[in-house]
DNA sequence: GTGGTCTAGACCACC
DNA sequence: GTGGTCTAGACCACG
């Protein structure tokens, strides 16, 4: 359970935590029922303020991805994997749509965008190499 | 010189002005040496705060797309067209890279990403038709 | 726009703000499109921390009751009145259900509860006397 | 002496123990002078933390519902039955008052409240049947 | 130990 | 001026 936080990525830190936890459960790295690191623990790991972690956890709770167990901690909710698997495509689609809107607004043609995509896509590995050793 | 501002688009208003002016010069609608409306004039046209226009102009000045001409106003800088054309591809490439990184991080396969791209790309017009009313 | 906060009511302060704003728009005291007091302003009025107000506003935004207007403030969202009118009965129903569950768990008969209700209900005015002078 | 604990009911576990013991003595299932299970014993039965049981017992001791008997354990205090019977109505009354206050504050008419009450009240059994398995 | 709430004060982008 | 984010540290209830 190691999260990668990039404070200069433009995305809020709490949002990066939210996304990565959703992705983790969507891809099976985290299983429903599994406890996530405590607020204090994770904040120490990431060297950020506990409030920031708490905010991310609260949002995940609102979205029924996490549920708190009194005195124990927070665990992945029952149906969270399925829900997050559906979500992640939506999240990525939304980001793509933004980029395309931006591209169009700046006057690029569809052929320009396509060639940019092709170039960027090549530099990525074919398959995902998760933490499944 | 009519700009389309959408205050509820999520993008900052000043940023929309910046983009559209850059696009205009990149695509030849505005030519180097041509005067842009005054801050006061444009803010009245768009019904927005003059500070917002001023900020957009200031940023364009910093990027040497606009230059002020004493007593006259602001005009598109020489060479701005070429520079803007180069810039926009760099910007979009960077954005794409971010999205792909996130997609991969979320456990999507390259084939998943490709199909998302295809879907989103379809919903965009083949050519750019900026301000068709 | 005066809210009544009771720090010793058991309910979190941010939650009291959320409820009262929902109720205000539901009962017509606050109209869609109307600006609510700024975070700083309200926090000063209520003598509480701005973060606490911000948290309430953020939750209302998540529930699409409030929407933020860049640089201006927060305003009641378009359909908020209708949505909140539906909500308030749900909120009260939920509270009633809790009380009844508690009553039953402590061994009261339905007749006991009914007589308690009758007693409490009597001490309340027949109609609501809002701020419509 | 079997208590029903629901850890996901929102109510604190220690509070559920307190309520159910009070109810038991109020309704005559437990008699003054009768011994309750030891902390260790009950915590094992309910598969919960001994601290939680201890806390419940401590609170009941503070309210003079339980009393410790040196070398024997804890027993229901003399007079506890009468006191608990009186208490529970007071508690429920106070809760009702809160809910009514909030309902009125939300702009509901007395008739609205009455109909909500009627609806919720119907879904409750006529008599109390605590532990029907 | 856990999460939940609140306070205090900082910095940022935007209008 | 506005909201948004983050940090720091406090107190509480619960297990």
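Protein chains in written order, with our numbering: chain A, 7 to 139; chain B, 7 to 139; chain C, 7 to 139; chain D, 7 to 139. For every residue, glycine included, the Cβ atom is placed at its ideal position computed from N, Cα and C.
| query | result |
| --- | --- |
| Assuming contact is defined by CB atoms lying nearer than 8 Å, are residue 23 of chain C and residue 83 of chain C in contact in what I supplied? | no |
| I'd like the ranges of any beta strand (DSSP E) spanning at least 3 consecutive residues and lying wholly in the stretch 28 to 96 of chain B. | 72 to 75 and 79 to 82 |
| Under 8 Å between the Cβ atoms of residue 26 of chain A and residue 9 of chain A? | yes |
| Compute the Euclidean distance between the alpha carbons of residue 102 of chain C and residue 120 of chain C, then round it to the nearest angstrom. | 13 Å |
| My output table needs one value for residue 10 of chain D: the three-state DSSP class, helix, strand or coil. | coil |
| Determine the direct distance from the alpha carbon of residue 110 of chain D to that of residue 129 of chain C, and round the result to whole angstroms. | 12 Å |
| Can you pull out the residues from the stretch 75 to 88 of chain A whose beta carbon lies closer than 9 Å to at least one beta carbon of chain D? | 75, 76 and 77 |
| Give, in chain order, every residue of the stretch 52 to 71 of chain D whose Cβ lies closer than 8 Å to some Cβ of chain C. | none |
| Would the stretch 90 to 107 of chain B and the stretch 50 to 58 of chain B be scored as touching if the rule is three or more Cβ pairs under 8 Å? | no |
| Within a Cβ cutoff of 6 Å, which residues of the same chain sit near residue 58 of chain C, ignoring the five residues on either side of it in sequence? | 19 and 20 |
| Can you list, in chain order, the residues of its chain with a C-beta nearer than 6 Å to that of residue 90 of chain B? Leave out the 5 residues immediately preceding and following it. | 28, 31 and 32 |
| Please list, in chain order, the residues of the stretch 117 to 130 of chain C that have any C-beta partner in chain D closer than 8 Å. | 118, 119, 120, 122, 123, 125, 126, 127 and 130 |
| When you compare only the Cα positions, how much space is there between residue 76 of chain B and residue 78 of chain C? | 34 Å |
| Just to make sure I have the definition right: I need the residues of chain D whose C-beta is within less than 8 Å of the C-beta of residue 98 of chain C. Which are they? | 105, 108, 109, 112, 114, 119 and 122 |
| Using only CA atoms, which one of A/122, A/38, A/15 and A/117 lies nearest to residue 71 of chain A? | A/38 |
| What residue range is occupied by the uninterrupted alpha helix (DSSP H) comprising residue 122 of chain B? | 116 to 128 |
| Measure how close the beta-carbons of residue 81 of chain A and residue 73 of chain A come, nearest whole angstrom, since I'm counting them as under 8 Å. | 6 Å |
| When the Cα atoms are used, what is the spatial distance from residue 139 of chain A to residue 113 of chain B? | Low confidence applies here, because residue 139 of chain A scores a pLDDT of 39, under 50, leaving its location unreliable; read the following figure in that light. The straight-line gap from Cα to Cα measures roughly 15 Å. |
| Can you look up residue 102 of chain D in the DSSP assignment and give me helix, strand or coil? | helix |
| With a threshold of 8 Å between beta carbons, is residue 13 of chain B in contact with chain C? | yes |
| What do you reckon, are the CB atoms on residue 106 of chain C and residue 126 of chain D nearer than 8 Å? | yes |
| Can you tell which of B/17, B/118 and B/14 has the C-alpha that lies nearest to the C-alpha of residue 98 of chain A? | B/118 |
| Using a Cβ-Cβ distance under 8 Å, would residue 95 of chain A count as near chain B? | yes |
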